[in-house]
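Participant:
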Amino acid sequence: LWLGDLFLADAKYEKALDQYRRGLEKTSDKRHRGRLLAAMAKALSATGNHKEAIGPLNQMLSTLEADTEDNDADARFTAYKHLGEIYSRLGENEKAVVAFKRALEVKPKETDPYGLQFEIAKAYQSIAPGKAQDVLNEIVASGDPFWSKVAQARINEINVQQSVDRLGLNRS
16 LWLGDLFLAD AKYEKALDQY RRGLEKTSDK RHRGRLLAAM AKALSATGNH
66 KEAIGPLNQM LSTLEADTED NDADARFTAY KHLGEIYSRL GENEKAVVAF
116 KRALEVKPKE TDPYGLQFEI AKAYQSIAPG KAQDVLNEIV ASGDPFWSKV
166 AQARINEINV QQSVDRLGLN RS
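The sequence shown finishes on residue 187 if you use this note's numbering, and the numbering steps up by one all the way, no holes.
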């Protein structure tokens with residue numbers, strides 16, 4: 016893991032992946048395997064192999080969800096969040112919403128929810144615009160000094176786009 020992380024930091028993704036695979040072959044410890052799988056997904060995403068990155072994340076989550084004694088919420092949160100980001104990049108917005116919602120369910124207490132809610136709203140925008148608006152309004156209502164402004168800006172952007180569409184001015 017350590018060697019793979021060094022290669023990953025140097026953008027030597029294939030070498031990093033090789034080290035992570037070697038680590039997976041040599042350990043049966045669930046925590047180490049989980050960290051290796053998460054790192055592998057990160058390296059695969061960095062190479063643009065987003066679809067391939069889903070496999071290690073799902074494998075990691077299966078292991079974490081099956082182990083009821085070891086509830087590693089941080090690892091689950093990170094994995095679900097990364098999975099949501101990958102699905103968003105792939106345009107699989109329904110799956111992105113599910114992953115981001117799961118991340119919200121297991122998020123560490125000190126983590127603010129607004130960034131994830133914003134990601135959910137972005138994913139909803141193409142599949143359920145009304146739900147996107149609802150989530151954005153919740154963020155605005157939270158009064159968070161940063162995220163409420165970001166959400167309001169997104170609402171304004173959506174409203175402008177809807178006006179442009181209604182007037183038939185969109186010539187792109």
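No residue lacks a Cβ here, since even glycine has one placed at the ideal position from N, Cα and C.
Just so you know, these numbers come straight off a predicted model, no measurement behind them.
(1) Can you look up Phe115 in the DSSP assignment and give me helix, strand or coil?
(2) Could you tell me the distance, in whole angstroms, from the CA atom of Arg14 to the CA atom of Asn152?
(3) If you measure between the beta carbons of Ala68 and His97, is that distance less than 9 Å?
(4) From Gly183 to Glu172, what distance separates their C-alpha atoms?
(5) Along the chain, which unbroken stretches of the alpha helix (DSSP H) at least 4 residues long are found entirely within the segment 79-163?
(6) Taking contact to mean 3 or more Cβ pairs, one atom from each stretch, closer than 8 Å, check whether the segment 102-111 and the segment 123-133 are in contact.
(7) Who are the near neighbours of Asp87 in its chain, counting only those whose CB is closer than 8 Å to its CB and skipping five residues on each side?
(8) What is the rounded straight-line gap between the Cα of Lys146 and the Cα of Val113?
(9) Would DSSP call Ala26 helix, strand or coil?
(10) CB Thr42 to CB Leu32, shorter than 9 Å?
(11) Could you tell me if Phe92 is buried or exposed, where buried requires 16 or more neighbouring beta carbons within 10 angstroms of its beta carbon?
(12) Given a cut-off of 9 Å, decide if Tyr139 and Arg117 are closer than it, judged by their beta-carbon atoms.
(13) If you reduce the DSSP assignment to three classes, tell me which class Ser60 lands in.
(14) For Gln74, I'd like the list of residues in its chain whose CB is within less than 6 Å of its CB, leaving aside the five on either flank, ordered along the chain.
(15) I'd like the list of long-range same chain contacts for Ile154, defined as Cβ closer than 8 Å, with 5 residues on each side in sequence excluded.
Facilitator: Looking at the coordinates:
(1) By one-based count along the sequence shown, residue 115 stands at place 100. Three-state result, Phe115: helix.
(2) Because residue 14 is not part of the residues shown, which for the chain are 16 to 187, the question remains open.
(3) Along the sequence shown, read from residue 1 onward, the residue named residue 68 stands at position 53. Along the sequence shown, read from residue 1 onward, the residue named residue 97 stands at position 82. It is a contact, given that the beta carbons lie within the stated cut-off.
(4) As a first step, residue 183 must be located in the sequence shown, where it is residue number 168. As a first step, residue 172 must be located in the sequence shown, where it is residue number 157. Cα-Cα distance, rounded: 16 Å.
(5) The segment 79-163 is shown to contain whole alpha helix (DSSP H) runs of 4 or more residues at 88-104, 108-121, 129-142, 144-157, in chain order.
(6) With contact defined as three or more Cβ pairs closer than 8 Å, the segment 102-111 and the segment 123-133 are not in contact.
(7) Start at 1 with the first residue of the sequence shown, and residue 87 comes out as number 72. Contacts found: Arg46, Gly49, Leu79.
(8) Your numbering for residue 146 matches position 131 in the sequence shown. Your numbering for residue 113 matches position 98 in the sequence shown. Approximately 14 Å, taken between the alpha carbons.
(9) Counting from one through the sequence shown, the residue named residue 26 turns up at place 11. Ala26 falls in the coil class under three-state DSSP.
(10) For this step, residue 42 is matched to residue 27 along the sequence shown. For this step, residue 32 is matched to residue 17 along the sequence shown. No, Cβ-Cβ distance for Thr42 and Leu32 is not below 9 Å.
(11) What you label residue 92 is simply residue 77 of the sequence shown in a count that begins at 1. Phe92 is buried by the Cβ-count criterion.
(12) Here residue 117 is taken as the residue at index 102 of the sequence shown, counted from 1. Here residue 139 is taken as the residue at index 124 of the sequence shown, counted from 1. Against a cut-off of 9 Å, the Cβ pair of Tyr139 and Arg117 comes out as no contact.
(13) Along the sequence shown, one-based indexing puts residue 60 at 45. Here Ser60 sits in helix by DSSP.
(14) By 1-based counting over the sequence shown, the position of residue 74 is 59. Counting only Cβ-Cβ distances below 6 Å, and skipping sequence neighbours, we find Leu52.
(15) On the sequence shown, residue 154 is found 139 positions in, with the first residue counted as 1. Scanning its chain for C-beta atoms nearer than 8 Å, with the 5 sequence neighbours on each side dropped, one finds around Ile154 the residues Tyr129, Gln132, Phe133, Ala136, Trp162, Ser163, Val165, Ala166, in chain order.
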